[in-house]
Amino acid sequence: MSRTLTYREAIREGLDEELARDENVVILGEEVAQYNGAYKVTEGLWAKWGDKRVVDTPISEAGFIGMGIGASMLGVRPVMELMFWSFHSVAFDQLVNNAACVRYMSGGLINVPIVMRGPANGGNNVGATHCHVPEALFASFPGLKVCAPATPADAKGLIKAAIRDNDPVYIMENVLLYGTSGEVPDPSEGDHVVPLGKADLKREGKDVSIIAHGRSVLQALAAAETLQQEHGISAEVLDLRSIRPLDVDAILATVRKTNRVVLVDESKGFGGVSAMVSHVIQDEAFDYLDAPIKRVTTLDAPATYSPHIEPHQLPNPARIIERVLSMG
Amino acid sequence: MSRTLTYREAIREGLDEELARDENVVILGEEVAQYNGAYKVTEGLWAKWGDKRVVDTPISEAGFIGMGIGASMLGVRPVMELMFWSFHSVAFDQLVNNAACVRYMSGGLINVPIVMRGPANGGNNVGATHCHVPEALFASFPGLKVCAPATPADAKGLIKAAIRDNDPVYIMENVLLYGTSGEVPDPSEGDHVVPLGKADLKREGKDVSIIAHGRSVLQALAAAETLQQEHGISAEVLDLRSIRPLDVDAILATVRKTNRVVLVDESKGFGGVSAMVSHVIQDEAFDYLDAPIKRVTTLDAPATYSPHIEPHQLPNPARIIERVLSMG
Amino acid sequence: MYSADTQQLDFAGSPINQALDAKQKVGLYRKMVRIRRFEQAALKYYNAGKMGGFLHLYIGQESVAVGTLSLCGDHDHNITAYRCHAHALSVGMSMNECMAELYGKATGCSKGKGGSMHFFAPDKNYWGGHGIVAGQTPLGLGLAYGLKYKGLEGAALCYLGDGAVNQGAFHESLNLAALFELPVVYVIENNGYSMGTSQKRSSSFKGCLAQRAEGYDMEWDLVNGADLYEVRAKTHIAMERARKQHKPTILEIATYRYYGHSIADANHKKYRTPEEIENYKQNHDPIRLWERRLVDEGVLTDDLIKEIDLEAKQEAAASVEFAESSPAPTVDSIMNDVYWETDNQTDASKVGRHFFTD
Amino acid sequence: MYSADTQQLDFAGSPINQALDAKQKVGLYRKMVRIRRFEQAALKYYNAGKMGGFLHLYIGQESVAVGTLSLCGDHDHNITAYRCHAHALSVGMSMNECMAELYGKATGCSKGKGGSMHFFAPDKNYWGGHGIVAGQTPLGLGLAYGLKYKGLEGAALCYLGDGAVNQGAFHESLNLAALFELPVVYVIENNGYSMGTSQKRSSSFKGCLAQRAEGYDMEWDLVNGADLYEVRAKTHIAMERARKQHKPTILEIATYRYYGHSIADANHKKYRTPEEIENYKQNHDPIRLWERRLVDEGVLTDDLIKEIDLEAKQEAAASVEFAESSPAPTVDSIMNDVYWETDNQTDASKVGRHFFTD
Ligand SMILES: Cc1ncc(C[n+]2csc(CCOP(=O)(O)OP(=O)(O)O)c2C)c(N)n1
Ligand SMILES: Cc1ncc(C[n+]2csc(CCOP(=O)(O)OP(=O)(O)O)c2C)c(N)n1
Ligand SMILES: [Mg+2]
Ligand SMILES: [Mg+2]
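Top to bottom, those sequences are chains A, B, C and D.
With my numbering, the residue at position 227 of the first sequence is 930, and numbering never jumps.
With my numbering, the residue at position 185 of the second sequence is 888, and numbering never jumps.
With my numbering, the residue at position 36 of the third sequence is 48, and numbering never jumps.
With my numbering, the residue at position 335 of the fourth sequence is 347, and numbering never jumps.
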């Protein structure tokens, strides 16, 4: 049995279940409690769980995130919201040094069981400073784990896995996904946990592999449908879900099957998850490639504001289809 | 005519010449003035140029870098030292939002002619938080330019180009290079400026292309020598020098010539400059590749301290040679 | 925070206010009315789906931008956060370019690249328009640094909110400002809330937020933002301190916003009581208070009030028409304005690949 | 800063000091001597090329770590910056594991992964050893948060330098500490310099650095670090305030380092006069002052002094031998201690690729 939930509701349900499961879980962030969250992800949790478990913080990201890291060393399990992931820029030191390195520098004496979550995406016209998509950036720091769910079920399952994980996990959500709906298993069927590091084949196909994560998965699925309908091309869509750990086996499997790859990635062109995946594929499946690995990335400029053109700056079905068709 | 200078002296000479050329150039940073610089790059400049042109700042990287950015909007040209580039973590917002985006968000009304410089490297046993090599990280932000000189001549030439550039330029130096020497053209022969975006073929070869930047170039050259001497393999060594703009033509040219590529990159394995270069090569020179593009990166853990093993964590000639030989 | 029972002084007599002639006083009134009418029009068309992203309205706070920026000369510069429309209009930007920016049109002040949070007019010494809370505070310091470096007698006004004071970058800026003796005036526009969080829930402080200046041996003052004379009088002192002595100041100006944090903030009647909002509108509205004052002084008449209001409404309506009929930016234009060198096709721009869109 | 002519009170009579018996007093003396001898040995072998990276010596400041940490019970936690050897020895870490860490050996407290700046002993409530200036200050806050969250009566001591106070993270921490009423005591170890920069050149302040606490409505005090009794008396008050009232404090403890910022700092006799250094050594050395005090109290004798010193020297020498003869870490070990899950071979660790070395 499963119900239809929005992505927002699914995350909330995951948070709620983990608050119930473990009294050390505490939600921290700007406007997460009394205001119910800037994007209403945490709606109702403060009313239900009270001041101790759901905590509003001042606008001091470095301060409160560092505080969460310190508390986690004593066994508290903070789940912290960045109102936008873009605000990582003011807390970067805490995120990449204290969270990622303290275990290592102590020779394994410490671990930092924190979860950072919030939206990381372009497409809602909030301009250059609010549209960073830092999944590749954080995945490049050993010590951190990163995931980017595309569906409500994955969002719920991954947040629960993240909260139970004993390492720092950074979850990249998406403002444009919060309102989207999907089937989510009913709690009565047991804990719905999606392990970190496991990709999901969202559509089978045989001619080309489209590999994506986050909202780009939906763009890829839309493109695949059109490719099938209008061009008779059968595209497989692999949703990475986790960026680090990365499901390299699933990536190689689809490449070996279709021999053609398009990577869809909301990052800017220099780097991103897709540059890494591209390198891994050519390194480990070189002989299976019938054509160069192609990418669809965000047009390589800071995010524009204009609603008239921002959709064109991002990966979208039209750009994906064009890329697939251009591969011949 | 040219002289032998150390890398440190070469940078200093570049700074000195630009201080003389343009009265808007000002050097800012922690301990850069009265203390002569933590690594003595700015030695003597405060004594020569005085309080206005060479300025000690408190330990407030976000504050003083943001201040430099603001001043640059009014036409001052700050050249700012990060004692270690690793300290970017506490100034990240200023570096990736204010410096990189303000031109864009203003529709081109503003430009930010700043230079950020300092060492970015592992290998001197300073541990995980002090060893970040963020060249790929910053290059992933459109609006920024990044370079990483390997020799004294390039260091001088690039810093001069950077100071004259009207966009923000981030120069990654290396503590382990400061004491190395090399020929630098004499000022009497005219301005020695190395344009951003131009790679340099540091050694010609025909069997394999080793592409590197920063100190890894020296490791690559040492490996190439051994490969020639002991294995009869002729390796070409391309020094990227600039990461963004990137000399894609030079990269493709060497690949088309040797058909085999090893990328050497002090980044950790997830991402880095090398993942990007790998993607570009397979995308644009797919048919020229006789084998997968291989990389030599830093062992994928935070930087260890131990002097006994840190050299093994980094790319080194032995690891490069092994990688080349394993390509068959 | 400025409390209602603080003894009210009359700042009309301060020299900087005595120097105002009738026309200038009416000019200040007109500016405030124009800001309000501009934003009301923006609100209407935002709700009609004509704009994207955020819309942070300044309505209720007009006296702060208008009062402080009315003191600026050729060498005074200013910079603010995302609640930036009022500062833009105060420094003389046109409603057209501002409205077109909200519409994301190519004719916008930032060519549609900035949106509501990112208005700029460097030619009018206005440096934006910044979205990261307190991220602009080191930039404001830098403007002051630039002034001092170039030997110009000017001040940098840097605005921030009451919630922004708890960001690290602001603290670093304060120490640097005092240590380097830079001509910056930090203006805390204290509207009592950062989004849904009241000042009490975000800041620990003794008397007021500006008092934190003392820890840096810096001057500070508290200002009743509802009184344009007071805003001008106290800001003038701070700016003169900056210009003449290269000394920074924190001013905390008590004010209030009538709308939510942004228009997306449907909550704002939950975290504030209707009485609180109504009380401010009735008793502290800066436009109404200034209007009454000028009527009392015999400088404003009912006819003039109506005329100014009508003109402002018409100007706002015209700006909407301008924005509506302006072209959207082209997709190609996305790739402009990233690098100065490539925009200007310099030699440097021709070496190496600058852009990496696959 | 604490000045020489501040009137000296006698803190021997404060209850926390009166509670000390002779053995405990001698124990404190022994700790300080051990720290000094340990670091002198470290210095010798650092200069002999046995270690890499930095070596930041604490010599001259011993009373701060020893005095404050002597007050800690089971539920008190502490954390500091990179000048961390004294705190390590004060909480009971052995010289062996510390010296081996400096040598980068597998037997080091951090298995050779941390080095001089990164000593840790969570089992002794000691959370390091951190290299980014002020980066530890939010972590210290988090320790306090954890204590309060878990309902434990304890305090978190978080140390930082006089240069570190100008980092944004510290300011954010102060506001949070006061706002959330967290049991943290920030201890500014004011040795007058941040690298080559004197306090005057790095900070703007009124009376002293700790006074910045007032901006957050927080308690603060100034402590003469040369007097162990005073360190203990005033820190005890702050810790009790934390434990019992959940209120934070800033303590500024005046102290001095005899060596350079780190041993790489060959400059340190340029930015400080020889007289300044000599004066401190002669008149304010915390070990000598405590020694004199205990001799006066009849608790220490010349024989005991010699014995303690000899033992400390021998212990330090033995730790050098231990470090010398310990094995270096293997190259393979580089890949351990990155993730808890992979180290513990959990199910989670078996899904997906965690490491990406080409
Ligand atoms: C670093 C950062 N954190 C959070 C936000 C989201 N945010 C935008 S405005 C705001 C409230 C700011 O309040 P205040 O400083 O009082 O200014 P006001 O909106 O009242 O003018 C928040 C939390 C942001 N833009 N940047
Ligand atoms: C963010 C950051 N900036 C700069 C440095 C380099 N650095 C290390 S210690 C230090 C001086 C700190 O002085 P202080 O806080 O007074 O502590 P002390 O060394 O006197 O104990 C500096 C500049 C750093 N480690 N981290
Ligand atoms: Mg506010
Ligand atoms: Mg100090």
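Glycine included, each C-beta is placed from N, C-alpha and C at the ideal position.
No experiment lies behind these values; they were computed from the predicted model shown.
Going along the chain, which residues of its own chain have a beta-carbon closer than 7 Å to the beta-carbon of residue i, five neighbours each way excluded?
i        : result
B/VAL878 : TYR742, PRO822, ASN824, ASN827
B/ASN962 : TYR991, LEU992, ASP993
B/GLU746 : ARG715, ASN739, GLY740
B/LYS801 : Residue 801 of chain B is actually Asn in this sequence, not Lys. Once the five neighbours on either side are set aside, the close Cβ partners of B/ASN801 are GLY769, ILE772.
A/ASP719 : LEU748
By the 10 Å Cβ neighbour count, where 16 or more other Cβ atoms means buried, how is residue i classified, buried or exposed?
i        : result
C/GLU353 : buried
B/LEU658 : Residue coverage of chain B in this structure runs from 704 to 1031, which leaves residue 658 of chain B outside it and unanswerable.
D/GLN294 : exposed
C/ALA374 : Missing from the structure shown is residue 374 of chain C; chain C here goes from 13 to 370 and no further.
D/GLU290 : exposed
D/THR149 : buried
B/ASP950 : buried
D/LYS281 : exposed
D/LYS212 : exposed
Which residue marks the beginning of the alpha helix (DSSP H) containing residue i, and which one marks its end?
i        : result
D/GLU371 : Lying before the first or after the last residue shown, residue 371 of chain D is absent from chain D, which here runs from 13 to 370.
D/ASN295 : 286-296
C/HIS97  : 97-102
B/TRP752 : 748-752
C/GLU51  : 34-59
A/ILE772 : 764-776
D/LYS282 : 280-283
D/LEU172 : Element bounds for D/LEU172: not the alpha helix (DSSP H) but the beta strand (DSSP E), 168-173.
So, at 8 Å on beta carbons, what are the nonlocal neighbours of residue i in its own chain, with the 5 sequence-adjacent residues on each side left out?
i        : result
D/ASN59  : ILE275
C/MET105 : CYS121, PHE131, ALA133, LYS136, TYR138
C/GLN30  : ALA24
A/LEU904 : GLU939, VAL940, LEU941, ASP942, ALA953, THR957
Could you pull out every residue in the same chain whose Cβ sits closer than 6 Å to the Cβ of residue i, ignoring the five residues on either side in sequence?
i         : result
D/GLU264  : ILE200, ASN202, CYS220, LEU221, ALA222, LEU234
D/HIS89   : ASN137, LEU155, ALA168
C/ILE320  : ARG42, VAL45
D/ARG49   : ALA324, LYS325, ALA328
A/GLY860  : HIS895, VAL896, VAL897
A/GLY972  : THR1000, ASP1003
A/PRO1005 : ALA831
C/PHE367  : none
A/GLY717  : LYS859, ILE862, LYS863
The beta strand (DSSP E) spanning residue i covers which residue range?
i        : result
B/SER705 : 705-709
B/LYS848 : 848-850
B/TYR873 : 872-876
D/ALA233 : Before going further, note that residue 233 of chain D is Asp rather than Ala in the sequence given. First-last of the beta strand (DSSP E) with D/ASP233: 231-236.
Closer than 8 Å is the cut-off here; do at least three beta carbon pairs connect the segment 831-840 of chain A with the segment 855-862 of chain A? no
Cβ pair count under 8 Å reaching 3, the segment 932-946 of chain B against the segment 881-889 of chain B: Contact fails: fewer than three Cβ-Cβ distances are below 8 Å.
May I ask you to verify whether the segment 133-150 of chain D touches the segment 136-150 of chain C, counting CB pairs closer than 8 Å and requiring at least 3? Counting C-beta pairs closer than 8 Å gives fewer than three between the segment 133-150 of chain D and the segment 136-150 of chain C, which falls short of the contact rule.
Please give me, in chain order, every unbroken run of the alpha helix (DSSP H) with length at least 4 that falls completely inside the segment 940-981 of chain B. 951-961
Only counting runs of 4 or more residues, tell me where the alpha helix (DSSP H) segments fall wholly within the segment 755-839 of chain B, in order along the chain. Every alpha helix (DSSP H) of 4 residues or more that sits fully in the segment 755-839 of chain B is shown, in chain order, as 764-776, 802-808.
Entirely within the segment 95-159 of chain C and at least 4 residues each: give me those alpha helix (DSSP H) ranges in chain order. 97-102, 107-114
Would you call the segment 747-767 of chain A and the segment 720-736 of chain A touching, i.e. three or more CB-CB distances under 8 Å? Contact between the segment 747-767 of chain A and the segment 720-736 of chain A is established, with three or more Cβ pairs separated by less than 8 Å.
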